[in-house]
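Working notes for the structure below.
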Amino acid sequence: MPWAMDTLPPPGSLSERARAAVERLILSGEIPPGTRLNEVALAARLGLSRGPLREALRGLERDGLVAAGPAGQGMSVRRLEPAEMAELYDMRALLQGFILGRIAERVARGALPAGVLEGLRAQVEAMEGMAGSGEAGGYYAENLRFHEALHRAAGHRRASGLYDSLIKESHLARQQSLAHPDRMRQSNAEHGAMLAAVAAGDAARARALGEAHVAEGGKRRWIESLSEG
């Protein structure tokens, strides 16, 4: 369904709204990796001039979602090579471990707001139901919300911002890696183990499990998904 500029939720300048619209088209898979972006057609689709669109595309290039081609060939949706994707998993693992360790430290100090752990457990329970019924789209969306909730619980804006930028680059590959019920269940079992370590205030174990969730479990699930096209 085409996006119209007057229906976009984010406020702000035309370029900011265009950036949000194009990002959603890319992250939803509607504009797949490797697709060359026709500025004339895309501007018409969004109902704006090419100036704000070009500014939006430059911002998405900085985010790693689009890439400029050779001179005169415009931009395309970035297609990550396997080696690049593996590096993203490595860096996300370090940040995930830091975030989990920080939450556990807050628990140990009695500094985590009331209800946060209960909310996280409820999300894990909801994902378990989705994994059991094979709801890949729902599971992936809730998985993203779960990790966002972890970032809020950690209370470290810089770590959260860095993690979000890495997630955007790896979004489509991660979505495919969590499309199989068995892999959803494996991922969610890791969520449960991470929360148990956090609830115990065991920062070292929470950090180790957070890193392993990405560097071992997540990377393994991605590699398994490569053969599925």
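Counting from 1 along the sequence shown, just add 722 to a position and that's the residue number in the working numbering.
From the three backbone atoms N, C-alpha and C, an ideal C-beta is built for every residue, glycine too.
Determine the burial state of A875: buried for a count of at least 16 other Cβ atoms within 10 Å of its Cβ, exposed for fewer.
Buried: at least 16 other Cβ atoms inside 10 Å.
Just mark L948 as buried or exposed, buried being the case when its beta carbon has 16 or more other beta carbons within 10 Å.
When all chains shown are included, L948 counts as exposed.
Length-filtered (3 minimum) beta strand (DSSP E) runs lying within the stretch 834-868:
Annotation: the stretch 834-868 contains no complete segment of the beta strand (DSSP E) (minimum length 3 residues).
Excluding sequence positions up to five away, which residues of its chain have a Cβ less than 8 Å from the Cβ of G912?
Per the sequence shown, the amino acid found at residue 912 is Glu instead of Gly. Closer than 8 Å at Cβ, skipping near neighbours: L931, A934, H935, G939.
Measure from the alpha carbon of V920 to the alpha carbon of each residue in L802, G823, R896, E738, then state which is nearest.
Answer by Cα proximity: G823.
Going along the chain, which residues of its own chain have a beta-carbon closer than 7 Å to the beta-carbon of V788, five neighbours each way excluded?
Residues of the same chain with a CB within less than 7 Å of the CB of V788, apart from the 5 flanking positions on each side, are L759, L779, L782, M797, S798, V799, R800 in chain order.
Quickly, what does DSSP pair R758 with across the bridge? List them, please.
S798, per the DSSP bridge assignment.
Is DSSP giving T729 helix, strand or coil here?
Confidence at T729 is low in this model, with a pLDDT of 43, below 50, so its placement is unreliable and the value that follows should be read with caution. In this structure, T729 counts as helix in the three-state DSSP scheme.
Thinking C-beta only, is L768 closer than 7 Å to A805?
Not a contact, by the Cβ cut-off of 7 Å.
Classify G837: buried if its beta carbon has 16 or more other beta carbons within 10 angstroms, exposed otherwise.
That one is exposed.
According to DSSP, residues forming a beta bridge with A668:
The requested residue 668 does not occur in the structure, where the chain is confined to residues 723 to 951.
As assigned by DSSP and simplified to three states, the class of A922:
It is coil, neither helix nor strand.
Buried or exposed: where does E891 fall if 16 or more other Cβ atoms within 10 Å of its Cβ makes it buried?
With 16 or more other Cβ atoms within 10 Å, it is buried.
To the nearest angstrom, report how far apart K941 and G756 are at their CA atoms.
K941 and G756 have their C-alpha atoms roughly 22 Å apart.
V829 burial status per 10 Å Cβ neighbour count (16 or more: buried)
Counting Cβ neighbours within 10 Å, V829 comes out buried, since at least 16 surround it.
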